[in-house]
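Numbering (this note's numbering), first residue to last: 6 to 192. Ideal Cβ positions, reconstructed from N, Cα and C, are used throughout, including at glycine. Computed from a prediction, not measured in an experiment: that's the story for all the values here. The structure appears below as structure tokens.
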């Protein structure tokens with residue numbers, strides 16, 4: 006996982022020293038037909054995108070409601086991503102990871118999606134929901150995973166639903182948010 010300092014440096018280098026840091030979207034990515042989820046939208050690269058590129062950065066008020074599109078930013082807090090960010094779909098072998106943290110004494114949350122490998126033009130932007138959510142909403146939890154990647158978990162799972170082996174593999178990727186691992190330890 007990236008450190009706060011690395012995230013800050015990515016944002017400054019790619020976005021600049023401006024107030025736009027909290028509400029940014031990469032111009033090399035558009036909302037279009039998903040290559041993973043039939044009849045749904047996804048984030049698609051329209052140019053080649055290098056590793057460690059910011060796809061989006063978003064800051065919003067915290068809510069305690071878990072929704073199909075929310076991102077967990079602490080043990081019991083979520084934020085809704087921007088209208089752009091809500092189209093980032095799941096993959097068991099993603100090409101991005103999510104960074105999330107609380108701000109303003111817990112009143113707001115900040116999420117940043119960063120590429121973990123180079124992304125080719127036409128490729129869909131994905132992250133692993135189990136890295137950002139302890140539990141998925143009832144409409145997602147246990148549904149068929151559509152990523153078709155080698156090592157796919159077959160069903161959609163939050164972190165607590167993973168087997169011990171799946172958690173070890175995911176933890177080794179260093180993409181699981183710390184507050185997700187901490188919540189699991191306390192369950």
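In the DSSP assignment, the alpha helix (DSSP H) including residue i goes from what residue to what residue?
| i | result |
| --- | --- |
| residue 48 | Where residue 48 is concerned, there is no enclosing alpha helix (DSSP H), although the beta strand (DSSP E) it sits in stretches over 46-50. |
Taking C-beta to C-beta, are residue i and residue j nearer than 7 Å?
| i | j | result |
| --- | --- | --- |
| residue 101 | residue 132 | yes |
| residue 39 | residue 54 | no |
| residue 78 | residue 107 | yes |
| residue 137 | residue 84 | no |
| residue 148 | residue 163 | no |
| residue 46 | residue 36 | yes |
| residue 3 | residue 145 | The chain is shown from 6 up to 192; residue 3 falls before or after that span and cannot be answered. |
When the Cα of residue i is compared with those of the options, which residue comes out closest?
| i | options | result |
| --- | --- | --- |
| residue 66 | 49, 87 and 144 | 87 |
| residue 119 | 69, 99, 85 and 83 | 99 |
| residue 143 | 42, 74 and 27 | 74 |
| residue 72 | 89, 141, 175 and 92 | 141 |
| residue 89 | 57, 171 and 31 | 31 |
| residue 69 | 28, 82, 185 and 37 | 82 |
| residue 58 | 103, 168 and 161 | 103 |
| residue 121 | 145, 183, 60 and 170 | 60 |
| residue 1 | 171, 173 and 41 | The structure shown does not extend to residue 1, since the chain spans only 6 to 192, so no value can be given for it. |
| residue 184 | 130, 169, 168 and 114 | 114 |
| residue 56 | 29, 109 and 130 | 130 |
| residue 97 | 187, 11 and 171 | 171 |
| residue 27 | 116, 91, 11 and 109 | 116 |
Could you please give the first and the last residue of the uninterrupted beta strand (DSSP E) stretch that includes residue i?
| i | result |
| --- | --- |
| residue 118 | 113-120 |
| residue 66 | 59-66 |
| residue 171 | Run containing residue 171: none in the beta strand (DSSP E); it sits in the alpha helix (DSSP H), 169-177. |
| residue 107 | 101-108 |
| residue 83 | 82-84 |
| residue 30 | 28-30 |
| residue 38 | 34-38 |
| residue 78 | 76-79 |
Can you say whether residue i is buried or exposed, counting buried as having 16 or more other CB atoms within 10 angstroms of its CB?
| i | result |
| --- | --- |
| residue 111 | exposed |
| residue 93 | buried |
| residue 51 | exposed |
| residue 135 | buried |
| residue 105 | buried |
Within the 7 Å Cβ cut-off, does residue i reach chain B?
| i | result |
| --- | --- |
| residue 187 | Structure shown: chain B not included; a single protein chain is present. |
_Three or more C-beta pairs under 8 Å: does that hold for the stretch 116-128 against the stretch 155-163?_
Fewer than three Cβ pairs drawn from the stretch 116-128 and the stretch 155-163 lie within less than 8 Å of each other, which leaves the two stretches out of contact.
*asked:* So, does the stretch 170-189 touch the stretch 145-153, judging by three or more C-beta pairs under 8 Å?
replied: Judged by Cβ distances under 8 Å, the stretch 170-189 makes no contact with the stretch 145-153, as fewer than three pairs qualify.
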